[in-house]
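To keep things clear, I will list the structure first and then write my remarks on it.
Residue numbers (this note's numbering): 269 to 357.
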């Protein structure tokens, strides 16, 4: 599972294929991730890797056992992905 922890606006401008949006800046973040299975492998990312480490730590405190912060965030992925790969609006 891939979780984009950026804002809805950032997510709407483009995101990793298959990603779900759970904004870390939302006061509902902890509640919004509750539906995710605690044993699921979860990758989290943000724009430039400032929010995602915080989100990963919070999720671990909430009982998630397999949370991975995608280093470099969306900005890194966007510059290193094959240009033929489509960004999802």
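Glycine included, C-beta positions come from ideal geometry on N, C-alpha and C.
Can the beta-carbon of residue i be found less than 8 Å from the beta-carbon of residue j?
i	j	result
residue 264	residue 311	Residue 264 is absent from the model: the chain starts at 269 and stops at 357.
residue 292	residue 343	no
residue 317	residue 340	yes
residue 319	residue 273	yes
residue 333	residue 306	yes
residue 269	residue 308	yes
For residue i, count the other beta carbons within 10 Å of its own beta carbon; 16 or more makes it buried, fewer makes it exposed. Which is it?
i	result
residue 338	buried
residue 348	exposed
residue 287	buried
residue 295	exposed
If distances are taken between C-alpha atoms only, which option among the options comes closest to residue i?
i	options	result
residue 345	276, 285, 304, 277	285
residue 313	325, 331, 295	325
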